[in-house]
Amino acid sequence: MHPTTLLSLPNELLIKIVEYLGPPDISCCDPGWLVLPAVCRHLRAVAESVPGWDSGTILGPGNIEAAYKWQYPDDWRTGRTGVSWFSPNTGTGTKECHVSDSQLGSWRFTPIYKGGSVECREGLLSLYDIRVKLDAEETGSEAGGESEEDDTDSEVEEAFKLLDRRTVIDRYFNLSSLHGQPPRLNYVWLTSLNLSCGIWNPNPNQSGVDFSFANVPLIVAPALQELYLNNYIIDWRSERLATLDIHIDGGTAPSYRYPPLLLFARLCDSRLTLEKLSLERCLSPTAELIETTAPAGSAFPRLCTFHLSAVHTAALWFCQRMTFSFGHTLAFTGPGFSATSLRHLAYAFSHPVTGRKQTETFPITPGEINTLTIREPGRLSGAKCTITASRSLSSYSDMRFNSELYARNRVSRLDRYGFGREITNLDKVTGLEPAFMTDVGWDVSEWEPLPLLDDKGPCTYRSSLLGVQQVFINGQEGRLFKRAPDIDSMIWTAVLRNLPNLRVLYIRAPSPATLAPLSAELNSLPELELLWLGRGPGEPKQDVDAGQLLDIIHRRSNLNTRNTGTGHTFRVHMENIRLVGDAAQVQEVHRLCEF
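Numbering (my numbering) for the sequence shown: 61 to 655.
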């Protein structure tokens, strides 16, 4: 008598086995009946014949009813993750298992059958508190007739719920199958986590002061690669993060933020894999930043995108403790960024802190910041001016061709959304290595030179811009230069006073306000050798007053004659410029300048 095997059982019994295993509960990593299709095609056919295979309901965390179904992944998910559209064993279309409970949880993953087992890939958990429906018990409303007093009580209860919306998600992480049991959620297979909470503190002055990071949920997800947090804070353990995006709205309680030292420790856990990092208003604005210590010189070799919106002291604190690979640009925005923070950041990038080492594995790009690109800010940034600080990798004469292309075609481009994502790509040109982008002010007071001494002795950051020898600026009226000409000229003059070693100045679409300091402030730019004026091809020609330009040429030539030790001559190069004014002056400028 031959022994009975699983596959020799009649389909009726096999169906009972499938039904006993039940649908998958992906919240606790229970594959359920998904283990059967991995065995053979026969079991797969039996499983797919069971009523409820395509869709149905299960009891999720906290015995909350959850609906599951199969669906093909969206095109953007398939393209982003690289999951094959076809299962390697069956050749049939790969589908996602999608589970959505009646409150706020949404889970999904893609089962891949391989080698007789099922692999749950692309695990995603999304929690959105806006889906929560408050029942009668939660809102405090009672059945029966309504009165004006009842309406008032209901409004008070609803307002109270809004004050602490984050607890809705907090409770989800602590849900269990049965009362008294530990939480059932399991994140071992999770590769992507998206948590979004509304602004749960409409009055920042009255709530959230007792927040403690020690009380936030802790998620252990060793396979986690993407973490997106919106107005919600968690602690996590993962060494494989590739993307981290944390956004806290300004209306959220001011104390509901990450302690910088603890967040930095989590970043270091994934420093070898982290590629994209965005931290927006999520750091505690504490004065202890400068005093705290953290491992110096932590290398992030794969980090190619870093956007930080915080107080400028936090940006400086992070830059002093992180090293980055060649060719990656960082963006810093937020309240309090100014010319002073620009100096601090330039110093941090030019003077690595003790403990940083240059190796082949973690290439570091040392050297002073020697190039600035100055342009108007993005429309939504709320800033007044945006500056990209870069390092020129070759002599100015060698890269002049690329510099002129850059000045013509890229300096005028806008960062439409104000987060630096477009500018960091625009400023990557041959021979120029952007180091960071930051917002600064556009006022005379912002650009006052630093004193020789501060309360700690010689002013360390006073010299951080002395290495700047090349500047690109968009001078088009109505962009950065949109005030009265005399006011804009005063601001531009204050900026140039901080750059005494400037040798090359590229002005795209020059206006009278951009040219005025070059004749009035002779002693502020004693090293200036080349003035480039122009616009891009196909654009209307820019009008420049020949008399103003001739005055600049004569004054600069006389300055070089007096300063015989400079060893250079002053030159003007123009492209797509139309000289206006006295005909004799126009002719003289044509004789003296390059076109």
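Even for Gly, the Cβ is constructed at its ideal location relative to N, Cα and C. This structure is a prediction, so every number in the text was calculated from the model and none was measured.
Does DSSP put residue i in a helix, in a strand, or in coil?
i	result
residue 607	helix
residue 544	coil
residue 194	Confidence at residue 194 is low in this model, with a pLDDT of 40, below 50, so the placement of that residue is unreliable and no value is reported for it.
residue 77	helix
residue 649	helix
residue 364	coil
residue 305	strand
residue 457	coil
residue 494	strand
residue 167	strand
residue 425	Note on residue 425: pLDDT 44, under 50, position unreliable in the model; the coordinate value appears next. Residue state, collapsed to three classes: coil.
residue 438	coil
residue 67	helix
residue 272	coil
residue 502	coil
residue 180	strand
residue 292	coil
residue 89	coil
residue 644	helix
residue 637	strand
residue 114	coil
Just to confirm before moving on: does the CB-CB distance between residue i and residue j stay below 8 Å?
i	j	result
residue 252	residue 299	no
residue 491	residue 469	no
residue 309	residue 277	no
residue 605	residue 572	yes
residue 130	residue 107	no
residue 382	residue 360	yes
residue 498	residue 447	yes
residue 593	residue 637	yes
residue 612	residue 579	yes
residue 429	residue 527	yes
residue 247	residue 294	no
residue 524	residue 406	yes
residue 337	residue 363	yes
residue 466	residue 541	no
residue 301	residue 287	yes
residue 6	residue 529	With the chain represented from 61 up to 655, any question about residue 6 goes unanswered, as that position is not in the structure.
What's the call for residue i, buried or exposed, on a 16-neighbour Cβ count within 10 Å?
i	result
residue 650	exposed
residue 393	buried
residue 438	buried
residue 139	Legend: pLDDT at residue 139 = 37, less than 50; position of this residue unreliable, value from coordinates given subsequently. When all chains shown are included, residue 139 counts as exposed.
residue 544	exposed
residue 78	buried
residue 212	For residue 212, the predicted model reports a pLDDT of 45, less than 50, meaning its position is unreliable and no value from the coordinates is stated.
residue 176	exposed
residue 574	buried
residue 66	exposed
residue 275	exposed
residue 647	exposed
residue 205	Bear in mind that the predicted position of residue 205 carries a pLDDT of just 45, short of 50, making it too unreliable to give a figure here.
residue 173	buried
residue 598	exposed
residue 85	buried
residue 610	buried
residue 431	buried
residue 410	buried
Candidates the options: which alpha carbon is nearest residue i's?
i	options	result
residue 257	311, 279 and 498	311
residue 273	70, 303, 320 and 600	320
residue 343	317, 334 and 365	317
residue 335	614, 294, 85 and 390	390
residue 552	302, 524, 645 and 445	445
residue 433	496, 460 and 250	496
residue 128	112, 159, 102 and 301	159
residue 653	595, 640, 596 and 590	590
residue 509	96, 117, 559 and 187	559
residue 313	114, 600, 291 and 410	291
residue 104	96, 228 and 170	96
residue 460	410, 538 and 565	565
residue 534	75, 488, 602 and 116	602
residue 171	184, 161 and 157	157
residue 404	184, 371 and 600	371
residue 169	98, 250 and 126	250
residue 400	457, 507 and 322	507
Give a yes or no on whether the minimum CB-CB distance between residue i and chain C is below 8 Å.
i	result
residue 81	Absent here is chain C; the protein component of the structure consists of one chain.
Can you find at least 3 beta carbon pairs, one from the region 448-456 and one from the region 539-551, that sit closer than 8 Å?
No, because fewer than three Cβ pairs between the region 448-456 and the region 539-551 fall closer than 8 Å, the two stretches do not touch.
**Prompt:** Looking at C-beta atoms only, is the number of pairs between the region 169-189 and the region 82-92 that lie closer than 8 Å three or more?
**Reply:** Yes: the two stretches touch, three or more of their Cβ pairs being nearer than 8 Å.
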